[in-house]
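Numbering (full-length UniProt numbering), first residue to last: 538 to 970.
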Ligand code: PMP
């Protein structure tokens with residue numbers, strides 16, 4: 538059969554009726570209606586390698602997931618006020634993945650909701666309001682999760698519009714921040730101490746501290762050595778609660794670690810997760826201690842109509858089954874290490890390659906115009922992403938300067954696909970970027 542034609546006028550229909558702030562990738566995007574593993578299939582008959590999807594960790598179109606969803610839908614879907622096995626079983630499985638003491642679960646529908654709830658828990662538990670967050674961060678779109686989001690790439694007005702309870706501190710970017718290298722923690726800890734002094738100066742108390750534990754939004758840059766240990770210590774000293782946003786980097790993607798905070802050798806008070814845990818099904822969770830979870834009771838009940846539904850729990854458990862059976866974390870480590878080594882070697886061939894950040898299948902390739910000044914190659918990065926699309930690779934920029942390739946494919950990525958991506962990138966860079 539001839540391949541199906543693209544739907545005429547579909548993009549215009551989208552622009553006419555789908556609210557504009559919900560941006561789409563690419564000026565003239567391919568119409569993609571199917572996917573399998575890390576591949577996506579467009580209506581013009583072309584296949585693309587999906588190198589940006591940090592949600593579909595088990596891959597697109599996984600038959601075990603559609604079977605599990607279909608089965609649970611035909612049995613029952615209701616809310617977590619009812620008593621059924623899936624909500625108890627899934628909560629236990631999440632608690633078993635977390636460090637000791639973090640054994641109590643809230644189930645919600647997205648990362649934004651998880652972060653929002655984590656902030657409410659910090660407020661309820663501490664009796665205070667002030668929260669320290671990092672510059673360059675993205676934590677979600679709801680009112681509270683947006684308040685602690687400071688990324689100017691996501692919102693150019695972010696730095697002038699945060700509410701007074703948010704205290705953004707210098708992004709501990711060990712590559713291009715004011716202090717560089719793995720041993721640069723003291724400079725960034727001083728910035729947190731400054732923020733604590735500002736809270737004191739208002740005569741107020743601290744509610745908590747939130748950050749990604751490997752800095753995903755700035756391109757997968759590990760935090761400086763010892764940073765979280767000292768920051769968490771000082772936050773606890775002030776009665777604050779520590780929140781690890783593991784929505785992007787946690788849940789096995791780092792390969793070498795299941796959780797990002799393991800890399801820093803710390804245990805947070807609250808973990809937020811979403812994205813990969815549902816493989817694209819709306820699923821998020823807060824994992825915390827019984828004491829912190831119970832503090833919310835002072836504000837009444839917590840209820841989410843679809844959070845923890847039988848279907849959501851079935852999806853969550855099936856994703857974990859697939860991760861175990863297909864050894865996805867190990868694959869993220871092995872294929873990720875291989876890909877990172879290949880990309881690092883590009884540093885010798887292409888002056889535009891400034892650094893390769895990250896680990897496992899969370900990598901960030903940072904492009905610079907000058908390795909001494911680190912001038913971001915923003916326009917070039919956009920051009921490279923457009924050219925990669927021509928060659929069959931979906932790739933997008935990230936970071937405050939939009940000069941970092943965010944490499945976060947499904948965790949089932951094969952070594953052959955990783956090589957295809959590296960080969961296509963080399964081809965583009967050879968063209969003279
Ligand atoms: N936290 C982080 C670190 C994220 O990257 C995101 C999404 N990009 C969120 C929270 C919000 O998640 P969601 O889009 O599921 O609401």
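Just so it is clear, CB atoms sit at the ideal spot from N, CA and C, and this is done for glycine as well.
Best match in 644, 603 and 608 for proximity to residue 618 [C-alpha to C-alpha]: 644
Exposed unless 16 or more other CB atoms sit within 10 angstroms - verdict on residue 666: Classification of residue 666: buried, given that the 10 Å Cβ count is 16 or more.
Contact between the segment 728-742 and the segment 627-646 (3+ Cβ pairs under 8 Å): no
Boundaries (first-last residue) of the beta strand (DSSP E) holding residue 807: Where residue 807 is concerned, the enclosing beta strand (DSSP E) stretches over 807-810.
Distance cut-off 7 Å: residue 785 Cβ against heavy atoms of the ligand PMP: yes
Sequence-distant residues of its chain with Cβ nearer than 6 Å to residue 571 (five each side left out): 578
Residue 675 Cβ short of 7 Å to the ligand PMP heavy atom set: yes
Which listed residue (563, 937, 764 and 594) has its alpha carbon closest to that of residue 858: 594
Residue 801 (DSSP reduced to helix, strand or coil): DSSP places residue 801 within a helical segment (H, G or I) once states are collapsed to three.
Near the ligand PMP: residue 653 beta-carbon under 7 Å from a heavy atom: no
Beta-carbon proximity check, residue 818 vs residue 852, cutoff 8 Å: yes
Simplified DSSP state of residue 783, which is helix, strand or coil: coil
Limits of the alpha helix (DSSP H) - the one that residue 764 falls within: 764-774
Distance between residue 966 and residue 873 (C-alpha atoms, nearest Å): 21 Å
Residue 738 - DSSP class collapsed to helix/strand/coil: helix
Residue 728 beta carbon less than 8 Å from that of residue 707: With respect to the 8 Å criterion, residue 707 and residue 728 are classified as neighbours on the basis of their beta carbons.
Option in 889, 958 and 951 with minimal Cα separation from residue 969: 889
Residue 660 beta carbon near the ligand PMP (any heavy atom closer than 7 Å): Incorrect: residue 660 has no Cβ contact closer than 7 Å to the ligand PMP.
Reduced DSSP secondary structure (H/G/I, E/B, other) of residue 853: helix
Residue of 692, 753, 936 and 776 minimising C-alpha distance to residue 560: 692
Minimum C-alpha distance to residue 573 - residue among 766, 662, 670 and 948: 948
Environment of residue 553 [buried if 16+ CB atoms lie within 10 Å]: exposed
Given 8 Å, three or more beta-carbon pairs between the segment 829-849 and the segment 751-768: no
6 Å CB neighbourhood of residue 954 in its chain, flanking five on each side removed: 575 and 586
Three-state secondary structure (DSSP) of residue 673: coil
Under 8 Å between C-beta atoms of residue 891 and residue 908: yes
Cβ shell of residue 841 (< 6 Å), same chain only, five flanking positions each side left out: By the criterion of a C-beta distance shorter than 6 Å, residue 841 is surrounded in its chain by 645, once the five residues flanking it on both sides are discounted.
Own chain, CB closer than 8 Å to residue 934, minus 5 neighbours either side, in chain order: Here residue 934 has 915, 918, 919, 922, 940, 941, 942 and 943 as same chain residues with Cβ atoms under 8 Å from its own Cβ, once five neighbours each way along the sequence are excluded.
Helix, strand or coil at residue 867 [DSSP, three-state]: helix
Separation of residue 642 from residue 686, as counted between CA atoms: 24 Å
Buried or exposed (CB count within 10 angstroms, at least 16 for buried), residue 904: buried
C-beta contact flag for residue 820 and residue 811 at 8 Å: yes
Reduced DSSP secondary structure (H/G/I, E/B, other) of residue 554: helix
heavy atom of the ligand PMP below 7 Å from residue 670 C-beta: no
Backbone secondary structure at residue 949 - three-state DSSP: DSSP places residue 949 in coil when its eight states are reduced to three.
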